[in-house]
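Chemist: Here it is, the structure in full.
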Amino acid sequence: MARTLRVLVQLMGWSCVVIGLFHVALGNAAIPGAGSAGATVDSWGRFMGASFVGYGLAWLWAAWQRPIPATAVRALSAVFLLGGIGRLISLAVHGPPQWFQLALAAIELGLPPVLFWLAPSEERATLTGVT
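Given below as structure tokens:
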């Protein structure tokens, strides 16, 4: 379980950094269906992309710790879950988005419980001497 946690935390970190940089570089073009959303949404999207890079770096910081701190994994997972909840609110208020956004919502709602469960595994393994 500790190895799975380490892989998932690193994957989360690098994925968020790459996705964030993609949004900074491409703006509206990075969001399916938002190509003509205008300068305000483009500016907001690029800013949020930079924020997502920072979020990814926080995941990578956690991955570089020995052991990975369970508190950090739980906090970062809670932020990810909140994003999924935000997508559900948008779905309820505005209807279904482009299909890829629905797939992202499934990941954002499904992965955090796994991460919450795995969060203490590396700390526990360090205490017991089992890796």
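According to my numbering, the stretch in the sequence shown is residues 1082 to 1212, in order.
C-beta: ideal position from N, C-alpha, C; glycine also.
On a predicted model such as this, the values are computed, not experimentally measured, just so you know.
By the 10 Å Cβ neighbour count, where 16 or more other Cβ atoms means buried, how is A1120 classified, buried or exposed?
Modeler: It counts as exposed.
Chemist: In terms of alpha-carbon separation, which member of A1110, Q1179, R1127, V1154 lies closest to A1139?
Modeler: Cα-wise, what sits closest to A1139 is V1154.
Chemist: Between R1084 and I1149, how many whole angstroms is the CB-CB distance? I'm expecting something under 8 Å.
Modeler: R1084 to I1149, Cβ: 11 Å. No contact.
Chemist: Taking all protein chains shown into account, do 16 or more other C-beta atoms lie within 10 angstroms of the C-beta of H1175, making it buried, or fewer, making it exposed?
Modeler: Looking at its Cβ environment, which holds fewer than 16 other Cβ atoms inside 10 Å, H1175 is exposed.
Chemist: I'd like the ranges of any alpha helix (DSSP H) spanning at least 4 consecutive residues and lying wholly in the segment 1097-1146.
Modeler: 1120-1145, all fully within the segment 1097-1146.
Chemist: First and last residue of the alpha helix (DSSP H) that includes G1165?
Modeler: From DSSP, the alpha helix (DSSP H) with G1165 extends over 1151-1175.
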